[in-house]
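J.:
2 protein chains.
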Amino acid sequence: MEQKMSLEEKATASARPKRLGKNGDGSERHEVIYRAISDAIIKQQLHPGSRLREDALTEVFHISRTGIRKILQRLALEQLVTITPRRGASVTRPTAKEARDVFAARQMVECGLMPEVARHITDQDVDELREMAKREREALKTGEQSTAIKLSAAFHERLAQLSGNATLAAFVGQLCSRSSLILAVYGSAGHLGCESHDHDDLIDYLAEGDGEKAKAFMNHHLQEIEASLSIVEEEAAAPDLHQIFGMTS
Amino acid sequence: MEQKMSLEEKATASARPKRLGKNGDGSERHEVIYRAISDAIIKQQLHPGSRLREDALTEVFHISRTGIRKILQRLALEQLVTITPRRGASVTRPTAKEARDVFAARQMVECGLMPEVARHITDQDVDELREMAKREREALKTGEQSTAIKLSAAFHERLAQLSGNATLAAFVGQLCSRSSLILAVYGSAGHLGCESHDHDDLIDYLAEGDGEKAKAFMNHHLQEIEASLSIVEEEAAAPDLHQIFGMTS
DNA sequence: ATACCTCCTATTGTATACGGATTTTTGTGC
DNA sequence: GCACAAAAATCCGTATACAATAGGAGGTAT
């Protein structure tokens, strides 16, 4: 319920019932809705496993099923939602193997990108990154976990963009989104994602132009995150409700 | 014209006009059609820039526009087709920068994967790869360029799959597909993609379990392919026709 | 002959309704 | 409490309608 509320909140902010905003801004509207759902997932306001019924979404966003389906398809291709043949869409619950694969991929790509980033980075970029890291720290301090998670992903994605390779940057973006899901499933409660000062240290290395050091640090950074997770195969479909809720007898 | 013919050929092979195959096999049909179009693009039977009108596709594949649009959306997300707001879909014509980015990405990921592949590979895998390489060589010999191109991409993708990392393998698959388009645009006529014996040599290194050597060879292999291309920004819309066709006066 | 402007056609984007199929849930009996 | 059956909910694919726009055809002026 509260999930729907938060979605509606975002929707009314932009999808003003202009009634006949028929076309022209159409694709724009789709983009906004896509981002709203995507953000809600990344911010862990929509938890893995949550079902996303088409009718409900059409109602919330005041859009036709056609549009919703298009958006859900896109999210499915990005692995943020899972569409099961006749059951509809639900927020993806990454398996343990997927989790390991995603982090292995991040390790390879993000680390490999660091030297390139160090070579391309400008003073202006450094300022922007510092600003992002600062906002992230503040969000953490004020307890806005959702925001902090999203900002952390955005930081890593922006970093990849600075390499100049759009293809790899887009890939990193997807990996970060999925990482957010992984944290939601396998992360321990207290410890969430990146350490607050890690990003600042990383920026320092990049500002110095020391790509190798940045690479090593990123390696360490990602390893630390992955190590903080407890990636174990969870119990199957019908878990032990009896065990969870004491004895039923 | 001939493009449509080849598409129809593939379509009738599977999308038999069962008339009311209404539902059930629906998603399967979609998958088949998706692959048909995807293959046609990768095999360069559909050239970059070719328009893919929805009506034409519905006619060829006997599918509704809704279904076609879904498939086109997917192809667009994989960068094989480009959808321009009110102009519809066309086979993507990669820019020079995209071409460089794709090859840089392949360099990083495929090379980085080689040690892992060498670690996981089994004798059975080696046999399978040898078989694939053989078929590719035969296709080259008999002049089936389209088939050879597709087999080459399939080889690289299968190789990535052997690393055990599904996420990175899927990414490599996309990169290979896009590479095919890049070859179509920037490749010289005679020289197409991988050298015939390169793949066999690579298999040897992997069979020996020498991941580092395989990595170095893959590096060389990809560099060679990229070097064989002439990746230059092509002239804009209205080039110098006067200069091309002698003096007009 | 060329350039520019207007109108028209073709095609896409979106919404909606419908039929069919499957999953999930509810209800009943043992 | 469990198994089975009926019912409801929901999704998937298709067909259709309509609005909106892009690109081209054609005409006109210089």
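If you read the protein sequences in the order shown, they are chains A and B.
Sequential numbering from 1 applies to the first sequence in my numbering.
Sequential numbering from 1001 applies to the second sequence in my numbering.
Where a beta carbon is used, it is the ideal one built from N, C-alpha and C, also for glycine.
Note that the coordinates shown come from a computational prediction; the quantities given were computed from them, not determined experimentally.
Rounded to a whole number of angstroms, what is the C-alpha to C-alpha distance between residue 43/A and residue 84/A?
T.: Working through the first sequence from its first residue, we reach residue 43/A at position 43. Working through the first sequence from its first residue, we reach residue 84/A at position 84. Answer to the nearest angstrom: the Cα atoms are 23 angstroms apart.
J.: Could you name the residues of the same chain whose beta carbon sits closer than 6 angstroms to that of residue 229/A, not counting the 5 residues immediately before and after it, in chain order?
T.: Numbered from 1 along the first sequence, position 229 holds the residue referred to as residue 229/A. Counting only Cβ-Cβ distances below 6 angstroms, and skipping sequence neighbours, we find 186 and 187.
J.: With contact counted as at least three CB pairs below 8 angstroms, one residue from each stretch, are the segment 218-226 of chain A and the segment 167-178 of chain A in contact?
T.: Counting Cβ pairs under 8 angstroms, fewer than three are found: no touch.
J.: Does chain A have any CB closer than 7 angstroms to the CB of residue 1024/B?
T.: Along the second sequence, one-based indexing puts residue 1024/B at 24. Bear in mind that the predicted position of residue 1024/B carries a pLDDT of just 45, short of 50, making it too unreliable to give a figure here.
J.: Give the C-beta separation of residue 151/A and residue 139/A to the nearest angstrom, bearing in mind that I take them to be a contact with Cβ-Cβ under 8 angstroms.
T.: Along the first sequence, read from residue 1 onward, the residue named residue 151/A stands at position 151. Along the first sequence, read from residue 1 onward, the residue named residue 139/A stands at position 139. With a Cβ gap of about 6 angstroms, residue 151/A and residue 139/A count as contacting.
J.: Assuming residue 1162/B contacts residue 1120/B under a Cβ cut-off of 8 angstroms, what Cβ separation, rounded to an integer in Å, is found between them?
T.: Mapped onto the second sequence, residue 1162/B falls at position 162. Mapped onto the second sequence, residue 1120/B falls at position 120. Right, their Cβ atoms sit about 6 angstroms apart.
J.: Quick one: list the residues of chain B neighbouring residue 73/A, beta-carbon separation under 8 angstroms, in chain order.
T.: Counting from one through the first sequence, the residue named residue 73/A turns up at place 73. Near residue 73/A (Cβ distances below 8 angstroms), the residues of chain B are 1070, 1073 and 1074.
J.: Which bits of chain A does residue 1077/B rub up against, with CB to CB less than 7 angstroms?
T.: Position 77 of the second sequence, counting from 1, holds the residue named residue 1077/B. Those within 7 angstroms of residue 1077/B in chain A are 74 and 77.
J.: On the DSSP bridge list, what partners appear for residue 83/A?
T.: Within the first sequence, residue 83/A is the residue found at index 83, counting from 1. According to DSSP, residue 83/A bridges with 89/A.
J.: Considering only C-alpha positions, which residue in the set 142/A, 110/A and 50/A is nearest to residue 216/A?
T.: Numbered from its first residue, the first sequence carries residue 216/A at position 216. When each option's Cα is compared against that of residue 216/A, the closest is 110/A.
J.: To which residues does DSSP link residue 52/A through a beta bridge?
T.: Locating residue 52/A in the first sequence gives position 52, where the first residue counts as 1. Paired residues: 89/A.
J.: I'd like to know if the segment 86-97 of chain A and the segment 191-210 of chain A are in contact, where contact means that at least 3 CB-CB pairs between them fall below 8 angstroms.
T.: In short, these stretches do not touch, since the Cβ pair count stays below three.
J.: Which one of 100/A, 180/A and 208/A has the shortest CA to CA distance from residue 336/A?
T.: Within the shown structure, residues of chain A are numbered from 1 to 249, placing residue 336/A beyond reach of any answer.
J.: To the nearest whole angstrom, what separates the beta carbons of residue 1259/B and residue 1211/B, a pair I think is in contact under 8 angstroms?
T.: Limits of chain B in this structure are 1001 at one end and 1249 at the other, which puts residue 1259/B out of reach.
J.: Helix, strand or coil: which one does DSSP assign to residue 1162/B?
T.: Within the second sequence, residue 1162/B is the residue found at index 162, counting from 1. Three-state result, residue 1162/B: coil.
J.: Can you name, in chain order, every residue of its own chain whose Cβ lies under 8 angstroms from the Cβ of residue 1214/B, other than the five neighbours on each side?
T.: Here residue 1214/B refers to the residue found at position 214 when the second sequence is read from its first residue. These residues qualify, in order along the chain: 1114, 1115, 1117, 1118, 1202, 1205 and 1206.
J.: Would you call the segment 1051-1062 of chain B and the segment 48-64 of chain A in contact, with 3 or more CB pairs under 8 angstroms?
T.: No: the two stretches stay apart, fewer than three of their Cβ pairs being nearer than 8 angstroms.
J.: Can you name the residues that DSSP bridges to residue 1206/B?
T.: Position 206 of the second sequence, counting from 1, holds the residue named residue 1206/B. Looking at the DSSP assignment, residue 1206/B forms no beta bridge with any residue, so it has no partner.
J.: Indicate whether at least one CB of chain A lies closer than 7 angstroms to the CB of residue 1185/B.
T.: Translated into positions along the second sequence, residue 1185/B becomes position 185. Not closer than 7 angstroms to any Cβ of chain A, the Cβ of residue 1185/B fails to qualify, so no.
J.: Is residue 112/A close to chain B? Criterion is C-beta to C-beta, closer than 7 angstroms.
T.: Position 112 of the first sequence, counted from the first residue, corresponds to residue 112/A. By this cut-off, residue 112/A is an interface position.
J.: Closer than 7 angstroms, Cβ to any Cβ of chain A: which residues of the segment 1157-1188 of chain B, in chain order?
T.: From the segment 1157-1188 of chain B, only 1165, 1166, 1167, 1168 and 1171 have a Cβ closer than 7 angstroms to chain A.
J.: Are the beta-carbon atoms of residue 104/A and residue 1165/B separated by less than 7 angstroms?
T.: Counting from one through the first sequence, the residue named residue 104/A turns up at place 104. Counting from one through the second sequence, the residue named residue 1165/B turns up at place 165. In this structure, residue 1165/B lies closer than 7 angstroms to residue 104/A by Cβ.
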